[in-house]
Every structure is written in C-alpha cells, then in structure tokens.
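With the numbering used here, the residue at position 114 of the sequence shown is 143, and numbering never jumps.
Written below as structure tokens is the structure these notes are about.
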Amino acid sequence: MKVTVVGAGNVGATCADVLAYREVCNEVVLVDIKDGLSEGKSLDIFQKAPINLYDTKTVGSTNDYSMTSNSDVVVITSGLPRKPGMSRDDLIGTNAKIVTSVTENIIKYSPDCIIIIVSNPLDVMTYQAHLTSKFPRERIMGMAGILDTARFRAFISEELGVSTKDIQALLLGGHGDTMVPLPRYTTVSGIPVSELIAEERLNEIIERTKFGGGELVKLMGTSAWYAPGSAAAQMVEAIVKDQKRIFPVCIKLEGEYGIDDCYLGVPVVLGSKGIEKVIELNLDPDEHKLLEESRKHVKEVMSVLDNL
Numbered sequence: 030m031k032v033t034v035v036g037a038g039n040v041g042a043t044c045a046d047v048l049a050y051r052e053v054c055n056e057v058v059l060v061d062i063k064d065g066l067s068e069g070k071s072l073d074i075f076q077k078a079p080i081n082l083y084d085t086k087t088v089g090s091t092n093d094y095s096m097t098s099n100s101d102v103v104v105i106t107s108g109l110p111r112k113p114g115m116s117r118d119d120l121i122g123t124n125a126k127i128v129t130s131v132t133e134n135i136i137k138y139s140p141d142c143i144i145i146i147v148s149n150p151l152d153v154m155t156y157q158a159h160l161t162s163k164f165p166r167e168r169i170m171g172m173a174g175i176l177d178t179a180r181f182r183a184f185i186s187e188e189l190g191v192s193t194k195d196i197q198a199l200l201l202g203g204h205g206d207t208m209v210p211l212p213r214y215t216t217v218s219g220i221p222v223s224e225l226i227a228e229e230r231l232n233e234i235i236e237r238t239k240f241g242g243g244e245l246v247k248l249m250g251t252s253a254w255y256a257p258g259s260a261a262a263q264m265v266e267a268i269v270k271d272q273k274r275i276f277p278v279c280i281k282l283e284g285e286y287g288i289d290d291c292y293l294g295v296p297v298v299l300g301s302k303g304i305e306k307v308i309e310l311n312l313d314p315d316e317h318k319l320l321e322e323s324r325k326h327v328k329e330v331m332s333v334l335d336n337l
C-alpha cells in the first residue's frame, strides 16, 4: 500500500511520521514545492525506523508527482495560513489555486486514489478538490471532525481526571466556531457526560472546543500540527486497513439531515472504499437549528469560491 502526503510542513510531516511509525502502509511519499524540504524530512523519518522499529519506507519529492504514482490514499495539507491584512476571500482564492493544482497533479498519476483534505478553509477546500477531481463523494473528504472531537475528549478527560481512552464524542457541522458538538452522544465508559459534568461547565468546555485552534495560535503564534497530522493519519489507517471505523468526516451531503450540496462534517463509516456509509442521526430541534446555522456559514464560504 502506498500513501502520499502533499505538503511537508508541520501538519504534513507529522502525518507522514505517524503513518510510518504505525506501519499503516509500505511506502509514504512526501511532496512539497520547497526544494529539499520533503526529501530531508522523509529521510529523517526513515532514519529513525531502526530506533522505533518500523519498516515503512519514506521518500520525498520536490514537485515530482510521478513519484506519487498509484497511491492508494492521498492527504493534501498544502496551503498558506492567513496573514495579517489578508481577507477571508484572499485566503480562499490563494488556497483554492494551490489545492486545484495539487489535485490535478495527484489524479494524473493516481486516478483511483482516495483524497483526504486538510488544507484550510477545510470545508470549502474539500469542495474545491471535489470540483477539480470530479471523484464520487465517497472518495474525497475533509479531515476536521476527528481533530475537533479529540480536543473535546481531551478537555473532558482533563475536567474529570480520567483516561482519554474511555471517552467517546461526536460533533457535526463545519470546522470552526460553527461546529455542533453533541453532548447527548458523548459518553465516558458508556456513561452520558451530562451525568458527570454540570451543564454550565460542559458548555464552557464546548466553547473551548469550538475555538481550540485559535487557542493554540495565540499560544504558539502558528497553527497546531501534532493533533491535525495524527487525525489525518487515523483516517488513512481506517481506509488502508479497511477498519470500518465511525468518524465525523467532512463530506458533500446529498439530502442527509435535510441538507443538499453542502460540505459538512457528519459521522460516516470509513473503509477500503473510502466513505462506505453516511450515518444520519435523529437530531432534536435545538441540534437541527445549530446544524442549520453551520450549514449557512459553510454555504456562504462556498459562495465566495463560486464567485472568484
């Protein structure tokens, strides 16, 4: 099995490292536009294989997409962060061009691959890659929900002083402050979280989750990379190993939840064919309202791309 990660920055390199360390596939190809960056990072990852005892081969390429030929899964992390003075429209326009170019090169050499988008703005970049690739929706998706639920679970673990392993959580909607955490579907060893944490405190944790990325930017001056890279790697593993894992994943909705032609995070079954099933939950009126607000926000961002 072969996996390509496009973008050798912090997120992409972390994803490649996790894939290699966990021996998810036989070969990981790391691609970047900066001369020598992907070659250096992939060589560094390979040189620690004797220390961490894994056999995955990691190789790097500076814009030579022929090396990605016949990849089973491709993770796209390419794109620029938002800079001072840059509008949302500017960011979308710049990153849409990058994602379009990368996607065109990927599908040229791996027409049957499954694509995972990590580039921001996540929901609209998934939309752009879908437009470019013309892949069925089962084979093109965005990573956000796994990261967001991981943050939610980590904060709950910290609050209760229990293992993160015992916490399961779910959320819907767009990536960012319009995400829709679902406390009703959040449990600690099967115990509803609402029985363990007071409503007011739980709402504070939810708000922290919504702005989890911003909290890290304030602390570090840049975006997170360990958790996002690991989250993307977990999606790859579920696909490559046909694990049938249930994860919240950004996908084009086609009538589910009463929503059509919008890219939102919903729970799906991930396996060797990509998204093998979309799970439609029975939401209560308040949850439906929040999801509708998230849909409106994402559609507004999608319209920016449509009008460029």
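We put the CB at the ideal spot given by N, CA and C, even for glycine.
Note that this is a predicted model, so its numbers are computed, not measured.
Along the chain, where does the beta strand (DSSP E) containing residue i start, and where does it finish?
| i | result |
| --- | --- |
| residue 228 | Per DSSP, residue 228 belongs to no beta strand (DSSP E); it is in the alpha helix (DSSP H), 228-239. |
| residue 347 | The structure shown has nothing for residue 347, since the chain only spans 30 to 337. |
| residue 215 | It is not in any beta strand (DSSP E) - residue 215 carries neither H nor E in the DSSP assignment. |
| residue 34 | 31-35 |
Please work out which residues of its chain come closer than 6 Å, Cβ to Cβ, to residue i, disregarding the five sequence neighbours upstream and downstream, and give them in chain order.
| i | result |
| --- | --- |
| residue 33 | 58, 97, 100 and 103 |
| residue 60 | 35, 67 and 90 |
| residue 198 | 178, 181, 182 and 215 |
| residue 241 | 180 |
| residue 62 | 92 |
| residue 37 | 59, 61, 66, 67 and 70 |
Can you have a look at residue i and say buried or exposed, based on whether 16 or more other CB atoms are within 10 angstroms of its CB?
| i | result |
| --- | --- |
| residue 227 | exposed |
| residue 212 | buried |
| residue 109 | exposed |
| residue 71 | buried |
| residue 229 | exposed |
| residue 264 | buried |
| residue 141 | exposed |
| residue 149 | buried |
| residue 106 | buried |
| residue 48 | buried |
| residue 314 | exposed |
| residue 200 | buried |
| residue 277 | buried |
| residue 187 | exposed |
| residue 46 | buried |
| residue 87 | buried |
| residue 219 | exposed |
| residue 85 | buried |
Could you pull out every residue in the same chain whose Cβ sits closer than 7 Å to the Cβ of residue i, ignoring the five residues on either side in sequence?
| i | result |
| --- | --- |
| residue 288 | 282 and 324 |
| residue 162 | 132, 136, 144 and 169 |
| residue 151 | 171, 173, 204 and 279 |
| residue 138 | 94, 95, 97 and 98 |
| residue 129 | 157 and 161 |
| residue 191 | 217 |
| residue 322 | 207 |
For the putative contact between residue i and residue j, defined by C-beta atoms under 8 Å, what is the C-beta separation to the nearest angstrom?
| i | j | result |
| --- | --- | --- |
| residue 298 | residue 275 | 6 Å |
| residue 320 | residue 209 | 5 Å |
| residue 154 | residue 124 | 6 Å |
| residue 326 | residue 207 | 5 Å |
| residue 147 | residue 257 | 6 Å |
| residue 44 | residue 262 | 5 Å |
| residue 53 | residue 254 | About 18 Å; that fails the 8 Å criterion. |
| residue 127 | residue 334 | Contact flag wrong, Cβ pair sits at about 13 Å. |
| residue 328 | residue 300 | That belief does not hold up - the Cβ atoms of residue 328 and residue 300 are roughly 29 Å apart, past 8 Å. |
| residue 55 | residue 31 | 7 Å |
So the alpha helix (DSSP H) residue i belongs to, where does it begin and stop?
| i | result |
| --- | --- |
| residue 335 | 314-335 |
| residue 59 | Looking at the DSSP string, residue 59 is not in any alpha helix (DSSP H); the run it does join, the beta strand (DSSP E), is 56-61. |
| residue 98 | Careful: residue 98 lies outside any alpha helix (DSSP H) and carries neither H nor E. |
| residue 205 | Residue 205 -> no alpha helix (DSSP H), and no H or E assigned at all. |
| residue 70 | 66-76 |
| residue 40 | 39-50 |
With a CB to CB cut of under 8 Å and the five nearest residues on each side skipped, what residues in its chain are close to residue i?
| i | result |
| --- | --- |
| residue 166 | 159, 280, 281, 283 and 304 |
| residue 309 | 285, 286 and 295 |
| residue 51 | 83, 262 and 266 |
| residue 69 | 89 |
Any beta-carbon of chain E closer than 8 Å to the one on residue i?
| i | result |
| --- | --- |
| residue 298 | The structure shown contains no chain E, having only a single protein chain. |
Ranges of the alpha helix (DSSP H) found wholly within the segment 252-326, counting only runs of at least 4
Whole alpha helix (DSSP H) segments, 4+ residues: 255-269.
So within the segment 118-182, which uninterrupted beta strand (DSSP E) runs reach at least 3 residues, ignoring any that extend past its ends?
143-146 and 169-171, all fully within the segment 118-182.
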